[in-house]
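What follows is a single structure, written as structure tokens, with notes after it.
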Amino acid sequence: MAETAKPLTMDTIVSLCRRRGFVFPSSEIYGGIGSTYDYGHYGVLTKNNIRSLWFGAMVQERDDIVALDSAIILNPRVWEASGHVAGFTDPLVDCRTCKLRFRADQLELASCGRKPSKHPGETPDCDLTEPRQFNLMFETHVGALQDESSLAYLRPETAQGIFVNFKNVAQLARRKPPFGIAQVGKSFRNEITPGNFLFRLREFEQMEMEFFVPPGEADEWHAYWIEARRQWYLDLGLREVNLRVREHDANERSHYSLATSDLEYLYPIGWQELEGVANRGEYDLTQHTRESGTKLEWIDPDGTRYTPYVIEPAVSIDRIMLAFLCDAYDEEVVGDRKRVVLRLHPRVAPVKAAILPLIPRDEGMATRARALYEELRPHHQVEHDESGQIGRRYRRQDEIGTPWAFTVDEQTLEDETVTVRDRDSLAQERLPLSGVREWLDDALVQEWRSPRSP
Ligand code: GAP
692 MAETAKPLTM DTIVSLCRRR GFVFPSSEIY GGIGSTYDYG HYGVLTKNNI
742 RSLWFGAMVQ ERDDIVALDS AIILNPRVWE ASGHVAGFTD PLVDCRTCKL
792 RFRADQLELA SCGRKPSKHP GETPDCDLTE PRQFNLMFET HVGALQDESS
842 LAYLRPETAQ GIFVNFKNVA QLARRKPPFG IAQVGKSFRN EITPGNFLFR
892 LREFEQMEME FFVPPGEADE WHAYWIEARR QWYLDLGLRE VNLRVREHDA
942 NERSHYSLAT SDLEYLYPIG WQELEGVANR GEYDLTQHTR ESGTKLEWID
992 PDGTRYTPYV IEPAVSIDRI MLAFLCDAYD EEVVGDRKRV VLRLHPRVAP
1042 VKAAILPLIP RDEGMATRAR ALYEELRPHH QVEHDESGQI GRRYRRQDEI
1092 GTPWAFTVDE QTLEDETVTV RDRDSLAQER LPLSGVREWL DDALVQEWRS
1142 PRSP
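For the sequence shown, our numbering gives the first residue as 692, with consecutive numbering after it.
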């Protein structure tokens, strides 16, 4: 097998996602809508896996975190108190020459609308305006009237829904700090630097956890969550060389943050934030206490009162999905043919196994393959494929990252065994047909590392 090493581009990932039905541009038949995508079958399956792996690690396998699902449209006063109405802005510049609009703090990532500048502002040809602040929240109206009094916002982060429920949860969940509240759901931002596929979307699915701690323990828990989240990615097979922790300088921290570290991934566009882990201090609970008049504090059994500090790991499924896809994408030459393969962790992969009759028109093979499929499908996401040459069927499964294929062939008819083909090594071994279910159950709980890890 020869490696065909060339730098991965975002276009390659976009094209694979399109070709194999992971992701489509949204409302494409009307020309699309910027930075908005729809997930197809394999995209949905992969997202579901990422969500449930996150939920497993953050809620199911812990005693100190509970779940919440708050509304998308909250009372607009929430966003005044949180600081988003006044401060959730990006600095914008317009170019009077090419008539395009750019983020003033990310000119080096933008493409100029005209040559010879590559990036806006590089030559005197670019006539940029002074930066002005642009609020990223999507506005809407609640009720029949469309005036100031009915103005509301689509949430730009799920976190505020958690803070405003602090009292409800703290009273009912029988937890005391340190404890956390986790939430997964759509967030919306009117991003003004479109492009870069799933990296920066206007509508994305966030997974956030607010961990409420005694103030004196905040630094310790912040360090704990940075490492716990880093390890989660490594356990799911992300290559360590492509993941790093970067601490924010004081001047780049959000208005609420006492300290933030990003887990950065080496996307095709360079090192970028995959997940942020912030120490939000007492900012949010204090703000909501002041603005709502409801005391959001903790009272210890001995009567000691304090406002907990908040440690927040926050990420979107979309950015994780993009990182996993980039990390997994591989091309190699097998025989004289190029093979594209997604080396995804088996627990992340959308389909766990393919069941393939070698000769679909052979009654004995077709019946056994179908029976195996029916046996496995209540337990795992598996696919039965009987269309086309076996080589083409393998290649299709490689491209969607299916870790194993069970093939029913002539020998199956003689001794009731099947071959299992490994996506990464291409090794094949034989298994009794009756043992496939147990073999697959077991394979899916094994540790997995990318064969491309050093
Ligand atoms: N509650 C804190 C918060 O929202 P953030 O750094 O703005 O902090 C947290 O966002 C995470 O949400 C990011 O690390 C990223 O994974 C994801 N995210 C933010 N904006 C996004 C966008 N426009 N498209 C996709 N994911 C986004």
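Glycine included, each C-beta is placed from N, C-alpha and C at the ideal position.
Cβ shell of residue i (< 7 Å), same chain only, five flanking positions each side left out
i       : result
Ile1008 : Lys738, Ile741, Arg742, Glu896 and Met898
Leu798  : His810, Pro811 and Gly812
Arg805  : Thr788, Cys789 and Asp816
Ala795  : Pro782, Leu783, Val784 and Pro822
Gly834  : Ser841
Glu830  : Leu842 and Tyr844
Residue i classed as buried or exposed, judged by whether at least 16 other C-beta atoms fall within 10 angstroms
i       : result
Gln922  : exposed
Tyr730  : buried
His1036 : buried
Asn970  : buried
Tyr721  : exposed
Ala873  : buried
Gln978  : buried
Glu943  : exposed
Thr1058 : exposed
Glu982  : exposed
Pro1142 : exposed
Asp818  : exposed
Arg1084 : buried
Leu836  : exposed
Arg768  : exposed
Same chain only: Cβ atoms within 8 Å of residue i, ignoring 5 sequence neighbours per side
i       : result
Arg1140 : Gly928
Arg1128 : Glu1066, Leu1067 and His1070
Asp1113 : Pro1094, Trp1095 and Gln1119
Residue j beta carbon less than 8 Å from that of residue i
i       : j       : result
Leu976  : Phe854  : yes
Ala1040 : Thr1110 : no
Arg893  : Glu882  : yes
Leu736  : Gln1072 : yes
Arg866  : Val757  : yes
Pro847  : Phe879  : yes
Thr780  : Gln851  : no
Ala1060 : Pro1048 : yes
Glu1003 : Met900  : yes
Ile1091 : Val1031 : no
Tyr997  : Pro906  : yes
Ser726  : Arg891  : yes
Leu987  : Gly972  : no
Tyr1064 : Ile1046 : yes
Pick from the options that is closest to residue i, judged by C-alpha positions
i       : options                               : result
Pro1123 : Leu1104, Asp1113, Leu1117 and Gln1137 : Leu1104
Asp1089 : Leu699, Pro698 and Arg711             : Arg711
Glu966  : Ser761, Tyr1085 and Ala1005           : Ala1005
Asn859  : Arg1112, Thr985 and Met1056           : Thr985
Pro811  : Phe829, Arg1052, Leu836 and Leu783    : Leu783
Ser1144 : Asp1021, Asp1113 and Thr700           : Asp1021
Ile917  : Asn826, Leu1117 and Asp953            : Asp953
Leu957  : Asp781, Gly747 and Asn933             : Asn933
Pro716  : Leu889, Val750 and Cys789             : Leu889
Val705  : Gly1055, Met1012, Leu1135 and Lys1029 : Met1012
Gly1055 : Tyr728, Arg1028, Arg1010 and Asp1106  : Asp1106
Leu1117 : Arg1086, Asp991, Gly972 and Thr980    : Arg1086
Gln862  : Ala777, Asp991 and Tyr1064            : Asp991
Val1136 : Arg1038, Met749 and Arg1083           : Arg1038
Pro868  : Thr831, Leu707, Asp754 and Met701     : Asp754
Tyr924  : Ala835, Ala1014 and Gly778            : Ala1014
Cys708  : Ala801, His732, Lys697 and Ser726     : His732
Asp1100 : Arg1083, Arg1121 and Pro767           : Arg1121
Pro999  : Arg1084, Arg1010, Leu1016 and Thr980  : Thr980
Trp962  : Ser761, Asn766 and Arg937             : Arg937
Thr700  : Gly1079, Leu1016 and Glu1138          : Leu1016
Same chain, Cβ closer than 6 Å to residue i, five either side skipped, listed in chain order
i      : result
Ile960 : Asn887
Asp785 : Arg792 and Thr820
Arg935 : Glu955
Gly774 : His946
Val776 : Trp770
Ala864 : Val757
Chain D within 8 Å of residue i, Cβ atoms only
i      : result
Val705 : The chain inventory of the structure shown lacks chain D, comprising one protein chain alone.
Distance between beta carbons of residue j and residue i, contact taken as under 8 Å
i       : j       : result
Leu1033 : Ala1044 : That belief does not hold up - the Cβ atoms of Leu1033 and Ala1044 are roughly 15 Å apart, past 8 Å.
Ser1077 : Pro1051 : Per the sequence presented here, residue 1077 reads as Glu, with Ser not at that position. Yes, Glu1077 and Pro1051 are in contact; Cβ-Cβ is about 4 Å, under 8 Å.
Leu658  : Ile763  : Because the chain spans 692 through 1145 in this model, residue 658 falls outside it and cannot be assessed.
Val968  : Phe903  : Going by Cβ atoms, the distance from Val968 to Phe903 rounds to 15 Å, so no, they are not a contact pair.
Gly734  : Phe713  : 4 Å
Thr884  : Leu765  : With a Cβ gap of about 26 Å, Thr884 and Leu765 do not count as contacting.
Residue i beta carbon near the ligand ZN (any heavy atom closer than 7 Å)
i      : result
Arg880 : Inclusion of the ligand ZN in the displayed structure is not the case, the ligand content consisting of the ligand GAP alone.
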